[in-house]
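Number of protein chains: 2
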Amino acid sequence: MFKPTVYWSQGAVKLIDQTRLPHRTTMVICRDLKTLATAIRRLQVRGAPAIGVAAGFGIQLASTRFKGSGRRAFDRHLERAAYHLAASRPTAVNLFHVLDEMKALWTGAPEFSVAQLKRAIQAKAAALYEENRQVCRRMGDHGERLISDGMTALTICNAGALATVDYGTALGVFYSAKAKGKRFEVFACETRPLLQGARLTVWELERAKVPVTLICDSMAAAAMRSGKIGAVFTGADRVAANGDTANKIGTYSLAVLAKYHKIPFYVVAPRSTFDFRTSSGSGIPIEERSADEVRGFQGAAAASARARVWNPAFDVTPARLITAFVTERGVIVPPLKKNLKRALCGHG
Amino acid sequence: MFKPTVYWSQGAVKLIDQTRLPHRTTMVICRDLKTLATAIRRLQVRGAPAIGVAAGFGIQLASTRFKGSGRRAFDRHLERAAYHLAASRPTAVNLFHVLDEMKALWTGAPEFSVAQLKRAIQAKAAALYEENRQVCRRMGDHGERLISDGMTALTICNAGALATVDYGTALGVFYSAKAKGKRFEVFACETRPLLQGARLTVWELERAKVPVTLICDSMAAAAMRSGKIGAVFTGADRVAANGDTANKIGTYSLAVLAKYHKIPFYVVAPRSTFDFRTSSGSGIPIEERSADEVRGFQGAAAASARARVWNPAFDVTPARLITAFVTERGVIVPPLKKNLKRALCGHG
């Protein structure tokens with residue numbers, strides 16, 4: 036059922052083009068780094084975990100394209116590739132984690148030949164891919180216990196198979212609950228400006244036969260007040276050491292509304308989304324994107340082309356609004372700073 | 036500067052077609068009641084005060100179209116017209132107020148000839164039109180005191196000239212503040228699904244040279260958290276006796292967020308928007324509109340055509356979240372039930 040969102044095949048990185056879903060399922064075939072970096076910037080591939088895996092394949096792509104035999108030239112070539120990829124999305128931390136892990140391969144093994152290093156890079160990219168698949172299933176299994184029979188869960192953006200290799204973070208929790216035979220429903224926020232909820236989450240959940248109702252972002256509060264919502268599940272783009280969480284713009288709004296309505300608010304994110312070098316949310320850079328995304332949608336203009344716009348792609352939800360994190364190492368509850376460090380900082 | 040949104044001219048009701056703004060300024064010319072009721076349903080004319088004035092002209096339209104001379108037939112004809120108009124939007128109370136005032140003309144003056152009653156209807160519709168213009172300016176003058184120099188105010192939907200005859204409720208406050216020489220800015224929520232903020236409010240404020248920044252509805256919380264927002268100003272579609280306020284979906288969300296961020300939340304509404312026969316918000320019927328409004332964006336499809344949708348057009352903000360009402364009789368603060376009754380129930 037889960038076709039991979041991003042994978043390596045025949046010397047290229049292949050991606051489902053998420054800007055065309057749900058109307059067309061087409062692939063982007065990246066045979067060079069520039070195509071891949073552009074695909075990340077344009078959100079043809081998106082979701083912090085999927086971007087991380089794509090970045091690993093990006094280094095592999097740069098590696099296979101190198102035709103020389105000198106390590107110094109190879110290392111410089113790889114450094115440039117990492118730099119190029121790092122510039123594509125500033126908020127998703129998985130990207131930087133992966134680039135750091137890749138860099139450790141060449142900085143840590145100066146004795147390797149170019150051929151040996153190429154094999155190590157290939158093996159690492161494949162391992163990151165496989166690890167993401169496993170981690171999503173483990174998060175799903177831990178998180179599904181938070182879904183009770185008859186519950187309606189609310190989600191925002193797409194924290195699904197399309198945001199990972201193939202199962203999802205927040206939506207992975209729903210897939211695991213479904214697999215356990217639980218009956219529940221999902222309300223999906225459409226997620227302006229790029230409508231990942233309407234386009235991707237509804238598509239994914241319908242395919243998985245999870246009952247889903249689409250709402251505008253502004254309707255979440257009214258849905259909560261009417262008693263429809265039992266819990267909120269979101270993904271994350273970067274979590275600081277204290278639990279402050281950057282995620283799709285609108286997530287913070289849902290967290291405040293959930294607090295007001297006494298509804299639990301869960302963040303589902305793999306360990307690779309945690310950034311223990313950033314102490315709090317104020318240290319997370321927030322990408323601002325093009326005004327045209329807000330002025331219209333896919334070519335349909337709402338406001339005039341000169342309307343002034345504020346378009347932050349993410350917001351930061353302070354840890355105090357988060358009921359718990361669902362990770363591959365289990366459900367982590369407050370006090371978050373202490374418990375996140377204890378659960379995630381060691382090697383497990 | 037303010038061309039009327041709705042007016043009577045040459046035997047017809049003329050409306051700016053708000054579904055085509057800001058890209059095209061075209062008029063809908065209603066020579067019969069059906070065209071007018073359809074225009075209300077399709078939101079070619081919208082905003083509770085503008086709908087009220089349009090309904091007055093609607094009765095005038097029905098009246099001028101009547102060619103007989105018998106009062107009984109005329110009264111039946113007018114009753115049918117009122118019934119037809121009442122069915123067009125269930126939430127906007129101004130519509131029902133106006134229809135009640137119109138009905139009082141024929142039920143209260145059985146001695147009038149058809150010609151006399153026609154003149155009375157024409158005079159009443161014209162008076163409602165003129166009254167709305169005056170009331171908006173009075174609200175603006177009371178409300179502008181709440182705008183401080185350097186403030187950024189947040190608004191949702193379009194509570195402007197386009198929602199009234201020609202000046203606005205919430206936006207009228209901004210026009211009055213501007214006229215007083217105050218420097219301030221406005222953040223406009225785009226207001227999904229029909230984008231009245233992006234399409235109408237940005238257009239109006241740009242024309243009036245009030246600096247305006249467009250945001251998606253989901254960005255309001257982040258804007259508040261960043262300290263950008265000094266106050267929220269909204270219009271209303273119906274206010275119950277206790278101050279509970281039905282307004283565009285997303286208003287309740289802003290009210291909760293404003294409370295959390297300790298930002299004042301003001302509702303700007305004329306007396307005709309208050310419904311003292313409805314004791315609380317739970318008695319206000321909430322119109323649910325077509326799923327297609329949420330599935331797409333100005334004709335561009337986002338979700339699949341079979342996606343299940345929840346699309347309430349309005350939500351109810353409980354009185355406890357409202358800092359004050361701005362009315363033509365002044366700014367009304369809590370305790371709201373008592374103070375609204377005292378200020379608005381008498382004839383002033």
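One line per chain: the protein sequences are A and B, in this order. Taking the numbering used here, I'd label the letters of the first sequence as residues 36 to 383. Taking the numbering used here, I'd label the letters of the second sequence as residues 36 to 383. We put the beta carbon where it would ideally sit given N, CA and C, even for glycine.
Per the DSSP calculation, residue 335(A) is bridged to which residue(s)?
Locating residue 335(A) in the first sequence gives position 300, where the first residue counts as 1. Per DSSP, 332(A).
Residues of chain A with a CB under 9 Å from the CB of residue 285(B): which are they?
By one-based count along the second sequence, residue 285(B) stands at place 250. Simply 251, 252, 253, 254, 256, 257.
Determine, for residue 334(B), whether the minimum Cβ-Cβ distance to residues of chain A falls below 9 Å.
As a first step, residue 334(B) is located in the second sequence; it is residue number 299 there, counting from the start. Cβ-Cβ to chain A under 9 Å: yes for residue 334(B).
Thinking C-beta only, is residue 225(B) closer than 9 Å to residue 252(B)?
Within the second sequence, the letter at position 217 stands for residue 252(B). Within the second sequence, the letter at position 190 stands for residue 225(B). Yes; because the gap between Cβ atoms is below 9 Å, this pair is in contact.
Check this for me: beta carbons of residue 273(B) and residue 127(B), under 9 Å apart or not?
As a working mapping, residue 273(B) is identified with position 238 in the second sequence. As a working mapping, residue 127(B) is identified with position 92 in the second sequence. In this structure, residue 127(B) lies closer than 9 Å to residue 273(B) by Cβ.
Starting from residue 225(A), find everything on chain B with Cβ-Cβ shorter than 8 Å and list it in chain order.
By one-based count along the first sequence, residue 225(A) stands at place 190. The answer, in chain order, is 227, 329, 337, 338.
Residues bridged to residue 347(B) by DSSP?
Taking the first residue of the second sequence as 1, we reach residue 347(B) at position 312. Residue 347(B) pairs with 323(B).
If we count the other Cβ atoms within 10 Å of its Cβ and call it buried at 16 or more, is residue 305(A) buried or exposed?
The count along the first sequence starts at 1 and reaches residue 305(A) at position 270. Its Cβ being crowded by 16 or more others within 10 Å, residue 305(A) is buried.
Uninterrupted alpha helix (DSSP H) stretches inside the region 237-324 of chain A (no shorter than 4 residues)
237-242, 255-260, 286-295
So, using beta-carbon positions, are residue 288(A) and residue 255(A) closer together than 9 Å?
Locating residue 288(A) in the first sequence gives position 253, counting from the first residue. Locating residue 255(A) in the first sequence gives position 220, counting from the first residue. Yes, Cβ-Cβ distance for residue 288(A) and residue 255(A) is below 9 Å.
List in chain order: all unbroken beta strand (DSSP E) runs of 3+ residues lying wholly within the region 80-114 of chain A.
none
Output, in chain order, the set of chain A residues within a Cβ distance shorter than 8 Å of residue 237(B).
For the purposes of this step, residue 237(B) is identified with residue 202 of the second sequence, where counting begins at 1. The contacting residues are 338, 339, 342.
What do you get for residue 132(B), buried or exposed, if any count of 16 or more other CB atoms within 10 angstroms of its CB means buried?
As a position in the second sequence, residue 132(B) is number 97, starting the count at 1. Buried, by the Cβ-count rule.
Which full runs of the beta strand (DSSP E) of 3+ residues lie inside the region 149-199 of chain B, going along the chain?
187-190
Sub-9 Å separation of residue 376(B) and residue 354(B) beta-carbons:
Against the second sequence, residue 376(B) aligns to sequence position 341. Against the second sequence, residue 354(B) aligns to sequence position 319. No, the pair does not count as a contact, with Cβ atoms beyond the cut-off.
Look at the alpha carbon of residue 115(B) and the alpha carbon of residue 195(B), and state the distance between them as a whole number of angstroms.
If you number the second sequence from 1, residue 115(B) lands on position 80. If you number the second sequence from 1, residue 195(B) lands on position 160. Looking at the two C-alpha atoms, the distance is approximately 31 Å.
Contact set between residue 260(B) and chain A, taken where Cβ atoms lie within less than 7 Å:
Along the second sequence, one-based indexing puts residue 260(B) at 225. Here the neighbours are 287.
If we count Cβ pairs, one from each stretch, closer than 8 Å, do we get three or more for the region 83-100 of chain A versus the region 146-160 of chain A?
yes
Evaluate the contact criterion for the region 191-209 of chain B versus the region 230-250 of chain B: three or more CB pairs, one atom per stretch, below 8 Å.
yes
Environment of residue 363(A) [buried if 16+ CB atoms lie within 10 Å]:
The residue labelled residue 363(A) in the question sits at position 328 within the first sequence. Counting Cβ neighbours within 10 Å, residue 363(A) comes out buried, since at least 16 surround it.
DSSP three-state assignment for residue 367(B), whether helix, strand or coil:
Against the second sequence, residue 367(B) aligns to sequence position 332. Strand, per DSSP.
Listing by chain order, which chain B residues have their CB less than 7 Å from the CB of residue 295(A)?
Along the first sequence, one-based indexing puts residue 295(A) at 260. Per Cβ cutoff of 7 Å: 291, 295.
Closest Cα partner of residue 361(A) within the set 74(A), 148(A), 271(A)
As a first step, residue 361(A) is located in the first sequence; it is residue number 326 there, counting from the start. That would be 271(A), whose Cα lies nearest to the Cα of residue 361(A).
Using 9 Å as the threshold, is the C-beta distance between residue 281(A) and residue 248(A) below it?
Position 246 of the first sequence, counted from the start, is the residue given in the question as residue 281(A). Position 213 of the first sequence, counted from the start, is the residue given in the question as residue 248(A). Cβ atoms of residue 281(A) and residue 248(A): not closer than 9 Å.
Looking at the structure shown, is residue 75(A) part of a helix, part of a strand, or coil, going by DSSP?
Residue mapping note: residue 75(A) aligns to position 40 of the first sequence, counting from 1. Residue state, collapsed to three classes: helix.
Using a Cβ cut-off of 9 Å, which residues of the region 39-67 of chain A contact any Cβ in chain B, in chain order?
57, 58
Taking residue 103(B) as the reference, which of 152(B), 367(B), 299(B), 370(B) has the closest Cα?
Taking the first residue of the second sequence as 1, we reach residue 103(B) at position 68. Checked all of 152(B), 367(B), 299(B), 370(B); the closest Cα to residue 103(B) is 152(B).
Report yes or no: do three or more beta-carbon pairs, one from the region 200-211 of chain A and one from the region 167-183 of chain A, lie closer than 8 Å?
yes
At the level of alpha carbons, what is the spacing between residue 348(B) and residue 172(B)?
For the purposes of this step, residue 348(B) is taken as the residue at position 313 of the second sequence. For the purposes of this step, residue 172(B) is taken as the residue at position 137 of the second sequence. Taking the straight line joining both Cα atoms gives about 27 Å.
Once the 5 residues before and after residue 125(B) are set aside, which same chain residues still bring their CB inside 6 Å of it?
To locate residue 125(B), count along the second sequence from 1; it is residue 90. Same-chain partners within the cutoff: 320, 322.
Looking only at DSSP bridge pairs, what is residue 224(A) linked to?
As a working note, residue 224(A) is residue 189 in the first sequence. Answer is 250(A).
Contact check, residue 237(A) vs residue 338(B) under 8 Å by CB: the rounded distance?
One-based indexing of the first sequence puts residue 237(A) at position 202. One-based indexing of the second sequence puts residue 338(B) at position 303. Going by Cβ atoms, the distance from residue 237(A) to residue 338(B) rounds to 5 Å, so yes, they are a contact pair.
Assigned exposure category for residue 65(A) - 16 Cβ within 10 Å defines buried
Within the first sequence, numbered from 1, the residue matching residue 65(A) stands at position 30. With 16 or more Cβ atoms within 10 Å of its Cβ, residue 65(A) is classed as buried.
Reduced DSSP secondary structure (H/G/I, E/B, other) of residue 203(B):
Start at 1 with the first residue of the second sequence, and residue 203(B) comes out as number 168. Looking at residue 203(B) - three-state DSSP - the assignment turns out to be strand.
Are the CB atoms of residue 286(A) and residue 352(A) nearer to each other than 9 Å?
Taking the first residue of the first sequence as position 1, residue 286(A) is located at position 251. Taking the first residue of the first sequence as position 1, residue 352(A) is located at position 317. Yes, Cβ-Cβ distance for residue 286(A) and residue 352(A) is below 9 Å.
Roughly how many angstroms separate the alpha carbons of residue 358(B) and residue 295(B), rounded to a whole number?
The residue given as residue 358(B) occupies position 323 in the second sequence. The residue given as residue 295(B) occupies position 260 in the second sequence. For residue 358(B) and residue 295(B), the distance between alpha carbons rounds to 13 Å.
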